[in-house]
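Here's the structure we're looking at; comments come further down.
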Amino acid sequence: MSDAPRRTPVPRPSGVELRRVTVNGVDLNVALAGEGPAVLLLHGFPHTWQLWTDVLDGLAGQYRVIAPDLRGTGASTHARDGYDAGNLATDAEALLDALGESSAAVVGIDAGTPPAFLLAMRRPGLVRQLVVMESLLGSLPGAEEFLAHGAPWWFGFHAVPGLAETVLTGHEAPYIDWFLGTGSLGEGVDPAVRDAFVHAYTGTEALRCACSYYRALPTSAEQIQEAVATGRLTVPTMAIGARPVGRALERQLRPVADHLVGHIIEDCGHIIPLHRPEKLLGLLEPFLASAGTAAEPRPGRW
0 MSDAPRRTPV PRPSGVELRR VTVNGVDLNV ALAGEGPAVL LLHGFPHTWQ LWTDVLDGLA
60 GQYRVIAPDL RGTGASTHAR DGYDAGNLAT DAEALLDALG ESSAAVVGID AGTPPAFLLA
120 MRRPGLVRQL VVMESLLGSL PGAEEFLAHG APWWFGFHAV PGLAETVLTG HEAPYIDWFL
180 GTGSLGEGVD PAVRDAFVHA YTGTEALRCA CSYYRALPTS AEQIQEAVAT GRLTVPTMAI
240 GARPVGRALE RQLRPVADHL VGHIIEDCGH IIPLHRPEKL LGLLEPFLAS AGTAAEPRPG
300 RW
């Protein structure tokens, strides 16, 4: 761990409590809201817990919502290492334990999807349901069409040790704005949330941590491959796609999941919780309410 806890400007929905929780060698900044069965929300890049701002109220009426800044992001510890999906899954497991939760529905998007998946594979008794969005799971078959022209350009840029943080320091705002604009099909996001994201990813250390997720992708891919070689995804699972990932994640999951339903949200960019929160809630609410029943293996479309 290389820095002290930091505070970020936080657009905070009413009823949200921020708490620091020490797990697996790092301090995580965690947003908590509501009471009831736990729902753990894992964000991606370039986000913090504020990615879930527009769905928190909808979920907190029936659930205890737990939305951490993942290690290295937002106000969580800028750890030196541990950004592979397996270790991030350990972070999530330890967080649930520290908060006294014996089970949770786990929702992951982008970089939050691989650790959510591995947690469900490792601890099916802990993960009540799994929801994954707009990501790929390592090199599992099914994403060939999406990857026909290669991985997105920033994967390679972020993967080169030291490059992105050297080039981007001092230019973080327009870089983050590009992802937020592209991820919302040009519509943008709330200015306060945008400012929180820019603040969270400003500075060499913040950029290093963000890029560490990409530099750990080969390790994460090996962990995912090992998991499916020795077991199956047995928990009820929902895969949600938009632009650009579409059904690629669903196709990766189909051969390894026992109970899978897939949906596409039309006219929606990558950052689903901010771009089309009402449609996301329209999928999440009935799925979460169906805990204990198998998800129907039928794709849907919004």
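Heads up, the sequence shown is in numbering that gives the first Met the number 0, so the first residue is 0 and it goes up one at a time.
All residues carry an ideal CB built from backbone N, CA and C; glycine is no exception.
The Cβ atoms of Ile-108 and His-42 sit closer than 8 Å to each other. Look at His-258 here: in three-state DSSP terms it is coil, with no helix or strand label. Rounded to the nearest whole angstrom, the CA to CA distance from Pro-272 to Gly-230 is 30 Å. For Gly-137 against Ala-220, the beta-carbon gap comes to about 3 Å, under 8 Å, which counts as contact. Within the same chain, and ignoring the five residues on either side of Tyr-82 in sequence, the residues whose Cβ sits closer than 6 Å to its Cβ are Ser-211, Tyr-212, Ala-215. Here Ser-101 is exposed: its Cβ has fewer than 16 other Cβ atoms, across all protein chains shown, within 10 Å. Rounded to the nearest whole angstrom, the C-alpha separation of Pro-160 and Cys-208 is 11 Å.
Short of 6 Å from the beta carbon of Glu-249, and not among the five residues preceding or following it, lie these beta carbons of its own chain, in chain order: Ala-238, Gly-261. Rounded to the nearest whole angstrom, the CA to CA distance from Val-197 to Pro-114 is 24 Å. Contact between Ala-199 and Thr-47 holds: CB atoms are separated by about 5 Å, below the 8 Å threshold. DSSP places Leu-232 outside any alpha helix (DSSP H), giving it a letter other than H or E.
For Gln-61, the secondary structure class from DSSP, reduced to helix, strand or coil, is coil.
Residue Thr-203 holds the alpha-carbon nearest to the alpha-carbon of Leu-167 among Thr-203, Glu-143, Phe-178. DSSP lists Ala-104 as the bridge partner or partners of Gln-128.
An exposed status is given to Glu-16, since fewer than 16 other beta-carbon atoms sit within 10 Å of its beta-carbon. Secondary structure of Glu-277 (DSSP, three-state): helix.
Shown here, Ala-30 sits in a strand according to DSSP, grouped into three states.
Minimum Cα-Cα distance from Glu-143 among the listed residues Ala-288, Arg-246, Gly-24 corresponds to Arg-246. Taking the Cα of Gly-33 as reference, the smallest distance to any Cα among Thr-52, Asp-80, Gln-61 is reached at Gln-61. By the neighbour-count criterion, in which a residue is buried when 16 or more other Cβ atoms sit within 10 angstroms of its Cβ, Thr-112 is buried.
Annotation for Ala-110: Gly-43, Phe-44, Tyr-212 place their beta carbon closer than 6 Å to its own, counting only its chain and skipping 5 residues before and after. Fewer than three beta-carbon pairs drawn from the segment 121-128 and the segment 175-182 are found closer than 8 Å, and the two stretches are therefore not classed as touching.
Selection Ala-30, Gly-57, Ala-163 evaluated against Ala-205 yields Ala-163 as nearest (Cα-Cα).
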